[in-house]
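A.B. asks:
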Amino acid sequence: RVVPNNLEAFWMPFTANRQFKANPRLFVSAKDMHYRTADGREVLDGTAGLWCCNAGHSRPRIVEAIQNQVAELDYAPAFQMGHPKAFELSSRLIQLTPKGIDHVFYTNSGSESVETALKMAIAYHRVKGEGSRFRLIGRERGYHGVNFGGVSVGGIVGNRKMFGTLLTGVDHIRHTHDLTRNAFSRGQPEYGAEFAEDLERVIQLHDASTVAAVIVEPVAGSTGVLIPPKGYLERIRAICDKYGVLLIFDEVITGFGRLGQPFAADYFGVTPDLMTTAKGITSGVIPMGAVFVKKEIHDAFMNGPEHLIEFFHGYTYSANPVACAAALGTLDTYQEEGLLTRAAELADHWADGVHSLKDLPHVIDTRNLGLIGAIELEPIAGQPTKRAFTAFLDAYEKGLLIRTTGDIIALSPPLIITKAQIDQLFDTLRGVLKALD
Ligand code: PMP
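Numbers 6 to 442, taken from UniProt numbering, label the letters of the sequence shown in order.
#1: Suppose you measure from the CA of residue 303 to the CA of residue 129; what does that come to, to the nearest Å?
#2: For the alpha helix (DSSP H) that residue 373 lies in, which residues bound it at each end?
#3: Can you give me the start and stop residues for the alpha helix (DSSP H) that residue 338 sits inside?
#4: Helix, strand or coil for residue 34 per DSSP?
#5: Taking DSSP as the reference, what is the three-state secondary structure of residue 219?
#6: Which same chain residues, not among the five before or five after residue 56, have their C-beta less than 7 Å away from its C-beta?
#7: Note down, one range per segment and in chain order, each beta strand (DSSP E) of at least 3 residues found wholly within the segment 96-139.
#8: With a threshold of 8 Å on Cβ separation, who are the neighbours of residue 140 within its own chain once the five nearest residues in sequence on each side are excluded?
#9: Between 409, 404, 204, 33, which lies nearest to residue 393 when the distance is taken from Cα to Cα?
#10: When every heavy atom of the ligand PMP is checked, does at least one fall within less than 7 Å of the C-beta of residue 289?
#11: Just to check my reading of the structure: residue 280 and residue 113 have Cβ atoms closer than 8 Å, yes? What is that Cβ distance to the nearest angstrom?
#12: Can you find a heavy atom of the ligand PMP that lies under 7 Å from the Cβ of residue 149?
#13: I need the DSSP call for residue 40, collapsed to helix, strand or coil.
#14: Could you compute how far the alpha carbon of residue 333 sits from the alpha carbon of residue 222?
#15: Tell me whether residue 2 counts as near the ligand PMP, meaning its Cβ is closer than 7 Å to at least one heavy atom of that ligand.
#16: Hey, residue 444 and residue 424: beta-carbon distance below 8 Å or not?
#17: Just tell me which of 38, 32, 50 has its CA closest to the CA of residue 44.
#18: Tell me whether residue 56, by its Cβ, gets closer than 7 Å to a heavy atom of the ligand PMP.
#19: Can you say whether residue 381 is buried or exposed, counting buried as having 16 or more other CB atoms within 10 angstroms of its CB?
#20: Where does residue 276 fall in DSSP's three states?
#21: Given that a residue counts as buried once 16 or more other Cβ atoms are within 10 Å of its Cβ, and exposed if not, what is residue 34?
#22: Taking the C-alpha atoms as reference points, what is the distance between residue 228 and residue 16?
#23: Would you say the beta carbon of residue 283 comes nearer than 7 Å to a heavy atom of the ligand PMP?
#24: Compute every distance between the C-beta of residue 115 and the non-hydrogen atoms of the ligand PMP, then say whether any falls below 7 Å.
#25: Distance, Cα to Cα, residue 301 vs residue 316?
#26: Alpha carbon to alpha carbon, how far is residue 143 from residue 181? Give it in angstroms, no decimals.
#27: Would you kindly report the start and end of the unbroken alpha helix (DSSP H) that includes residue 197?
#28: Counting Cβ pairs, one atom from each stretch, are 3 or more of them under 8 Å apart for the segment 314-328 and the segment 79-94?
#29: Around the C-beta of residue 364, are 16 or more other C-beta atoms found within 10 angstroms, so that it is buried, or is it exposed?
#30: Beta carbon of residue 69: closer than 7 Å to some heavy atom of the ligand PMP?
#31: Three-state secondary structure (DSSP) at residue 50?
#32: Alpha carbon to alpha carbon, how far is residue 22 from residue 435? Give it in angstroms, no decimals.
#33: Reducing DSSP to helix, strand and coil, say where residue 12 ends up.
#34: What distance in whole Å lies between the Cβ atoms of residue 437 and residue 400, which are believed to be in contact at a cut-off of 8 Å?
#35: Should residue 66 be labelled buried (16 or more other beta-carbon atoms within 10 Å of its own) or exposed?
#36: Helix, strand or coil for residue 299, going by three-state DSSP, please let me know.
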């Protein structure tokens, strides 16, 4: 084991820091589907980094695009100057978005995309002369990044409880998860769509004329892969329409091919008013995010009454040229290799793999959609130790990277994965799960 002697100053996010320093794991290089560790082992990437490296690792088009761009135009002041790559990227991106969503605003991460979308939603109503619509609605067990707005609309108690009141005027709808766990359902569960009605209850509770927007992840990823029942997102859309509330899809994970379509909005056939993205936009290589909005929203800011438009928002690195070049190289890779629809081609094989683990000891649910999978394990009563984390450590030793959240193992490999690599992934994981106490 290679253990570096200069770890002290490095602070890994969250409490992961403690156990990491006790047992450091290092990646020193990566290529296509594999990482290489400091001690020279290959690790199959079962999670596309953190749900982001959709095109795989160190892909030539992306590497070359970044190298060329940084030598040509490294930076342009984001509030004064445009540059050709930003225009080219925007027009290519909106060819991929659902019809009607045709403007793009750049950020640097998923968390920033969420903050941007929430602010845009509130500001939009104000520009339209409906300034009383300032409330935001999220979902229990939703994850929308780590900034104050995202934590506020997010529904993870552990992330919220240290920070007091957070944003005021935020409420949450119940999640379907209680109904869908133990479903072992292939793809979308058949039942549970009626959970969407909880949105109507929350809107009415606060008076619809005060509600600006609802934000949902089409598939909640970071909280353990919670797949919406058939018809659920359609009902959420219908309730938003009934009350004039904007619908934001947080597509930070589901965007860029994860479900076998460019966006989850396409997969489910439900068009939101705003979409937040990041991760796959540059295949995780360079920090970048984007908020996609409907024309009406863009036009309201562009054409609205001057005295109502006080919306100042943007980042030093919005549409950074190197990030734009990375995104263009990523789109080239996706399009040349057909990666945005590849998850659809692999979905059956993938589902077979996920559900092949369902009878193993301690497995209480298996779920899949597109190239996402989850294996939920029985909690160890009265103990903080998580079987899933033990599985993560063992899988790493056996050459497989998985992700865990609580008792859930989440899988989301790069979209370039082959069928043979899918088989290898599940064979390794089967061995890991069989070895669990
Ligand atoms: N929204 C969702 C749905 C996410 O999954 C994530 C990250 N996992 C975020 C927002 C935050 O993205 P970032 O870590 O890039 O800020």
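Every residue gets a Cβ at the ideal spot worked out from N, C-alpha and C, and that includes glycine.
Here the structure is a predicted model, which means the values were calculated and not measured.
C.D. replies: The answer reads as follows:
#1: Here the question's residue 303 lines up with position 298 in the sequence shown. Here the question's residue 129 lines up with position 124 in the sequence shown. So the two alpha carbons sit approximately 9 Å from each other.
#2: Counting from one through the sequence shown, the residue named residue 373 turns up at place 368. No alpha helix (DSSP H) holds residue 373; the beta strand (DSSP E) holding it covers 368-374.
#3: Within the sequence shown, numbered from 1, the residue matching residue 338 stands at position 333. Start and end: 326-341.
#4: What you label residue 34 is simply residue 29 of the sequence shown in a count that begins at 1. Residue 34 falls in the strand class under three-state DSSP.
#5: In the sequence shown, counting from the first residue as 1, residue 219 sits at position 214. In the three-state reduction of the DSSP assignment, residue 219 falls in the strand class.
#6: Within the sequence shown, the letter at position 51 stands for residue 56. Closer than 7 Å at the Cβ level, and outside the excluded window around residue 56, lie 226, 258, 284, 417.
#7: Correct list: 106-112.
#8: Translated into the one-based positions of the sequence shown, residue 140 becomes position 135. Counting only Cβ-Cβ distances below 8 Å, and skipping sequence neighbours, we find 174, 175, 176, 211, 215, 216, 217.
#9: For the purposes of this step, residue 393 is identified with residue 388 of the sequence shown, where counting begins at 1. The candidate whose alpha carbon is nearest that of residue 393 is 409.
#10: Residue 289 sits at position 284 when you count from the first residue of the sequence shown. Answer for residue 289: no, Cβ out of range of the ligand PMP.
#11: On the sequence shown, position 275 is the one that residue 280 refers to. On the sequence shown, position 108 is the one that residue 113 refers to. Incorrect: roughly 17 Å between the Cβ atoms, too far for contact.
#12: Taking the sequence shown and counting its residues from 1, one reaches residue 149 at position 144. The ligand PMP approaches residue 149 closely enough that one of its heavy atoms is under 7 Å from the residue's Cβ.
#13: Taking the first residue of the sequence shown as position 1, residue 40 is located at position 35. In the structure shown, residue 40 sits in a strand (DSSP, three-state: E or B).
#14: Counted from its first residue, the sequence shown places residue 333 at position 328. Counted from its first residue, the sequence shown places residue 222 at position 217. Approximately 25 Å, taken between the alpha carbons.
#15: Here the chain comprises residues numbered 6 to 442, so residue 2 is not present and cannot be evaluated.
#16: In this structure the chain extends from 6 to 442, so residue 444 is not present and cannot be described.
#17: Against the sequence shown, residue 44 aligns to sequence position 39. Taking residue 44 as reference, the option from 38, 32, 50 with the minimal CA-CA separation is 32.
#18: Here residue 56 is taken as the residue at index 51 of the sequence shown, counted from 1. Residue 56: yes, Cβ under 7 Å from the ligand PMP.
#19: Position 376 of the sequence shown holds residue 381. Residue environment for residue 381: buried (at least 16 other C-beta atoms within 10 angstroms of its C-beta).
#20: Residue numbering aside, residue 276 sits at position 271 when the sequence shown is read from its first letter. When DSSP states are grouped into helix, strand and coil, residue 276 belongs to the coil group.
#21: Within the sequence shown, the letter at position 29 stands for residue 34. Exposed, since its Cβ has fewer than 16 Cβ neighbours within 10 Å.
#22: In the sequence shown, counting from the first residue as 1, residue 228 sits at position 223. In the sequence shown, counting from the first residue as 1, residue 16 sits at position 11. If I take the Cα positions, the gap works out to 23 Å.
#23: What you label residue 283 is simply residue 278 of the sequence shown in a count that begins at 1. Yes, since a heavy atom of the ligand PMP falls inside the 7 Å radius drawn around the Cβ of residue 283.
#24: Walking along the sequence shown from the start, residue 115 turns up at place 110. Yes, since a heavy atom of the ligand PMP falls inside the 7 Å radius drawn around the Cβ of residue 115.
#25: As a position in the sequence shown, residue 301 is number 296, starting the count at 1. As a position in the sequence shown, residue 316 is number 311, starting the count at 1. Going from the Cα of residue 301 to the Cα of residue 316 covers about 16 Å.
#26: Along the sequence shown, read from residue 1 onward, the residue named residue 181 stands at position 176. Along the sequence shown, read from residue 1 onward, the residue named residue 143 stands at position 138. Between residue 181 and residue 143, the C-alpha separation is close to 13 Å.
#27: Locating residue 197 in the sequence shown gives position 192, where the first residue counts as 1. Here residue 197 belongs to no alpha helix (DSSP H), and DSSP marks it neither H nor E.
#28: When C-beta atoms of the segment 314-328 are compared with those of the segment 79-94, three or more pairs fall below 8 Å, so the two segments count as touching.
#29: Your numbering for residue 364 matches position 359 in the sequence shown. In the assembly as shown, residue 364 is an exposed residue. Its beta-carbon has fewer than 16 other beta-carbons within 10 Å.
#30: In the sequence shown, counting from the first residue as 1, residue 69 sits at position 64. Residue 69: no, Cβ never under 7 Å from the ligand PMP.
#31: On the sequence shown, position 45 is the one that residue 50 refers to. If DSSP states are grouped into helix, strand and coil, residue 50 belongs with the strands.
#32: For the purposes of this step, residue 435 is taken as the residue at position 430 of the sequence shown. For the purposes of this step, residue 22 is taken as the residue at position 17 of the sequence shown. In a straight line, the C-alpha of residue 435 is about 28 Å away from that of residue 22.
#33: In the sequence shown, counting from the first residue as 1, residue 12 sits at position 7. In the structure shown, residue 12 sits in coil (DSSP, three-state: anything other than H, G, I, E or B).
#34: The residue labelled residue 400 in the question sits at position 395 within the sequence shown. The residue labelled residue 437 in the question sits at position 432 within the sequence shown. Contact between residue 400 and residue 437 holds: CB atoms are separated by about 5 Å, below the 8 Å threshold.
#35: For the purposes of this step, residue 66 is identified with residue 61 of the sequence shown, where counting begins at 1. Residue 66 is buried by the Cβ-count criterion.
#36: Here residue 299 is taken as the residue at index 294 of the sequence shown, counted from 1. In the three-state scheme derived from DSSP, where H, G and I count as helix and E and B as strand, residue 299 is classed as strand.
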